[in-house]
Structures are given as C-alpha cells and as structure tokens.
Amino acid sequence: MKTPSSLLSQLIAAVASMALLWLAFSVYASGEPLWALALLVLGGISLYIYLSATTLAWRYLFPGVAAMLIFVAFPLIYTIQIGFTNYSSNNLLTETRARAYLLEQADVNEARAFATTVHSVGSDYRLVLAAQGEGGATRYMSAVFKDRVPNAPLRMEPLPADQVLGDPLNLRQVIALRDTLMALKLSMPDQTTLQYAGLREFAVFEPVWQAQPGGGLKRLADGALYQPNRDTGFFEDAQGQRLQPGFKVNVGLANYTRMFGDPDMRGPFLSIFIWTVVFAGLTVVFSTAIGMTLAVVLNWEALKYRTLYRTLLFLPYAVPGFISILVFKGLFNQNFGELNA
C-alpha cells in the first residue's frame with residue numbers, strides 16, 4: 407500500500423512533468439524549436455535524477471553542474487558564436503523575421519481616409535465616418551459595438567438622412583477607448599477594409615512591400631527591387647541602398663580581423679585586455695591572501711564573538727547576488743536597458 411508521502415511525491419512529479427511539457431510546447435509554438443528541445447532535455451534529466459533511486463549522488467551534484475552549464479558554459483559558447491556573426495543593434499533578427507517585419511509595413515492611403523467620430527448608443531458605441539475632402543457629404547455608420555473588440559469586422563453602411571446621432575465623444579473619452587479602436591476592422595460597402603489610423607481617423611492601409619521570388623522585396627510605390635545580401639546582412643537595391651532592419655549572417659573572422667587590424671580598435675582593446683587579465687590575477691591573489699588570513703584568525707578558539715564576525719563577513723558575500731538581479735534586469739530592459747535599448 408502506498409503511503410501518503412509517496413502519493414504526494416508522485417503527484418508533484420506528475421504536475422512537474424505536465425508543467426515541463428506545457429512550457430516546452432509554448433517555447434516551440436513561439437518559433438524557438440532549439441530552445442524547446444534544450445528545455446525538454448534539461449527538464450527530462452532533472453526529473454530522472456530526482457525520481458530515480460539509482461541517482462542519489464547526482465541529486466547533490468546536478469544543481470551545481472546545471473548552474474555551471476547555464477551561467478558559465480552557455481554564455482561563453484554563445485559569446486564565441488556571436489563573435490563570428492554581424493550581430494548588432496541593426497542586425498538582431500534572422501533573415502526570415504526581418505523579411506516578415508518589412509512585409510508587415512503598411513502606409514495609409516490618404517485617398518481612402520475617413521474622418522471618424524465615436525457616438526454613444528446607451529452603453530454601447532457607434533462609429534460615424536465621413537469621406538475627407540468631400541465636405542462630409544458621404545458618411546457611413548457602423549454597427550453598434552461594446553467597449554471590447556468584436557470577433558468579426560464591423561459592417562459599415564451609408565448613414566441614413568433621418569438617422570439621429572447623439573453628440574460625439576470628446577477626446578478624453580475617445581482616448582479611453584483607444585485600445586478597442588486600434589483593434590477594430592471596418593468592412594465598407596465596396597468590400598474594402600479600414601483600420602485605425604488615429605484617434606479621429608480610419609483608413610485603408612496598403613502594404614509597402616511585396617515578396618519576390620528568391621527572397622527579394624519590391625517596393626510597390628516605385629517598383630524598386632531589394633535583394634537579400636547574405637554577406638552584409640541587409641536587403642539592398644542595385645545601388646547598395648539598405649533597408650532597416652538587417653539580419654544576422656556569419657562573417658567569419660571579419661570581426662577579429664578588424665579588432666586587431668584597425669588601430670582605432672586595437673589600442674583600446676589591448677589596454678582593456680591587459681587590465682582585465684591583471685585585475686583578475688590581482689583579485690585572485692588578494693582574495694586568497696585576505697581569505698586565508700581571516701580563516702586562520704576566525705578559527706582561533708581564543709577569539710571572542712567568532713560567530714558574530716563570521717556572520718558579518720558572510721553578508722557582503724550573499725547580498726550582491728540579490729542586487730545583481732536588479733542590475734541585470736535594468737541592463738536587459740527592452741525600453742531603457744543599456745544592452746537592449
């Protein structure tokens with residue numbers, strides 16, 4: 407008969423397994439199959455070690471080994487790999503994602519832009535569109551909608567002459583509905599689709615780029631062709647004009663050649679490299695000397711309050727671990743961080 411503790415262990419293992427599968431599937435669905443596979447392998451090894459009766463010793467070794475691989479080996483390998491690419495603030499994406507980003511770009515067709523007002527209908531709302539440049543003679547009204555995004559595009563119909571409309575919402579009220587308005591799509595009588603173009607405007611959006619065979623892009627406005635240059639990591643036209651953003655490509659030893667061959671980079675690099683090695687060596691020497699001295703002194707049985715001294719000396723070692731979390735969170739902030747901004 408199984409004991410309550412064994413049942414609890416099996417329940418925790420089952421929940422952990424399902425959580426691992428869900429997390430791996432979520433990562434895979436986001437377009438990162440390699441990360442999903444790595445997560446699945448690491449999680450599977452963890453479950454095996456902590457569930458198998460034959461891996462008792464590894465239960466104590468695994469956390470340290472895993473931490474070393476994740477926080478030391480992986481950053482080292484990843485940094486070396488980046489050194490052979492053109493990875494930079496202009497070349498963050500893969501070629502596929504850079505192309506998809508450009509194909510999503512769209513411009514407002516000013517000839518099909520409509521001045522928009524929002525009117526309340528009880529607790530619901532209605533949009534009224536007026537064709538710009540026609541003195542408001544051609545007007546359309548939408549179906550009634552609530553302050554949440556409808557599942558289908560709102561159908562627009564010509565505004566009847568006898569239609570009674572309340573006063574339009576003021577700017578502050580429209581701003582409160584901005585998230586809903588930005589997600590709305592309006593279906594006009596001629597089957598064109600309008601999208602949010604501003605607090606007071608809906609318009610037809612036309613794509614800027616058209617995909618071409620071979621991975622190229624064609625600008626619809628003037629027919630200019632841009633082809634992916636897999637040496638530089640940019641979409642370029644015949645004159646070498648580049649589109650932003652670029653994409654990551656392998657550049658071999660180009661970065662290292664520039665680092666040692668360019669005087670403007672070689673001088674600072676050598677100075678920083680030498681100081682880094684010297685600083686690391688001095689840190690080891692002084693840390694060892696001070697640490698051994700403190701260890702001998704604090705192990706002296708005649709010394710009073712040894713436990714208090716040890717506790718006070720341990721705090722500066724433990725606290726930076728928590729502070730560094732905030733430091734790295736700031737560095738990698740997507741809006742203001744030094745690394746991602």
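Residues 407 to 747, numbered by this note's numbering, are exactly what the sequence shown covers, in order. In this text, a Cβ means the ideal position worked out from N, Cα and C, and glycines have one as well. In this text the structure is predicted, and so the values were computed from the model without any measurement.
Residue closest to residue i, alpha-carbon to alpha-carbon, out of the options
| i | options | result |
| --- | --- | --- |
| residue 716 | 708, 709, 704, 710 | 704 |
| residue 604 | 618, 594, 583 | 583 |
| residue 521 | 713, 470, 610 | 610 |
| residue 573 | 528, 424, 464 | 528 |
| residue 406 | 581, 530, 580, 544 | Since the first residue shown for the chain is 407 and the last is 747, residue 406 is missing from the structure and cannot be characterised. |
| residue 601 | 461, 737, 516 | 516 |
| residue 567 | 545, 578, 558, 560 | 545 |
| residue 647 | 735, 695, 630 | 630 |
| residue 581 | 560, 606, 558, 422 | 606 |
| residue 418 | 673, 435, 457, 742 | 457 |
| residue 719 | 729, 708, 701 | 701 |
| residue 637 | 501, 623, 693, 477 | 501 |
| residue 494 | 439, 653, 468 | 653 |
| residue 518 | 480, 492, 596 | 596 |
| residue 492 | 415, 645, 659, 698 | 659 |
Residue interval of the alpha helix (DSSP H) (run including residue i)
| i | result |
| --- | --- |
| residue 442 | 439-457 |
| residue 560 | Per DSSP, residue 560 belongs to no alpha helix (DSSP H); it is in the beta strand (DSSP E), 560-564. |
| residue 501 | 501-509 |
| residue 698 | 669-704 |
| residue 480 | 480-488 |
| residue 466 | 464-474 |
| residue 554 | Segment: none, residue 554 is in no alpha helix (DSSP H) and carries neither H nor E. |
| residue 592 | Here residue 592 belongs to no alpha helix (DSSP H); instead the beta strand (DSSP E) covers 591-593. |
| residue 577 | 577-582 |
C-beta atoms of residue i and residue j nearer than 8 Å
| i | j | result |
| --- | --- | --- |
| residue 525 | residue 565 | no |
| residue 547 | residue 511 | no |
| residue 430 | residue 445 | yes |
| residue 655 | residue 490 | no |
| residue 621 | residue 634 | yes |
| residue 594 | residue 562 | yes |
| residue 441 | residue 433 | yes |
| residue 608 | residue 499 | no |
| residue 496 | residue 651 | yes |
| residue 523 | residue 553 | no |
| residue 599 | residue 590 | no |
| residue 618 | residue 626 | no |
| residue 632 | residue 649 | yes |
| residue 532 | residue 550 | yes |
| residue 675 | residue 665 | yes |
N- and C-terminal bounds of the beta strand (DSSP E) containing residue i
| i | result |
| --- | --- |
| residue 626 | Element bounds for residue 626: n/a, residue is neither H nor E. |
| residue 524 | 512-527 |
| residue 545 | 545-548 |
| residue 617 | 615-617 |
| residue 641 | 640-642 |
DSSP bridge partner residues for residue i (one or two, in chain order)
| i | result |
| --- | --- |
| residue 604 | 607 |
| residue 530 | 527 |
| residue 722 | Note: residue 722 sits in no beta bridge, so no partner. |
| residue 537 | 520 |
| residue 612 | 513 |
| residue 664 | DSSP output for residue 664 lists no bridge partner at all. |
| residue 653 | 499 |
| residue 491 | 656 |
| residue 599 | 593 |
| residue 635 | 640 |
| residue 363 | Lying outside 407 to 747, the shown extent of the chain, residue 363 is not represented and no answer is given. |
Proximity test, residue i beta-carbon vs the ligand ATP heavy atom, cut-off 7 Å
| i | result |
| --- | --- |
| residue 448 | This structure lacks the ligand ATP; in fact it carries no ligand of any kind. |
contact_flag[the segment 627-645, the segment 500-515] where n(CB pairs < 8 Å) is 3 or more: Result yes; three or more Cβ-Cβ pairs closer than 8 Å.
Contact the segment 574-581 vs the segment 477-486: 3+ CB pairs below 8 Å: Output reads no: the segment 477-486 does not touch the segment 574-581.
Contact between the segment 443-453 and the segment 419-432 (3+ Cβ pairs under 8 Å): Yes, the segment 443-453 is in contact with the segment 419-432.
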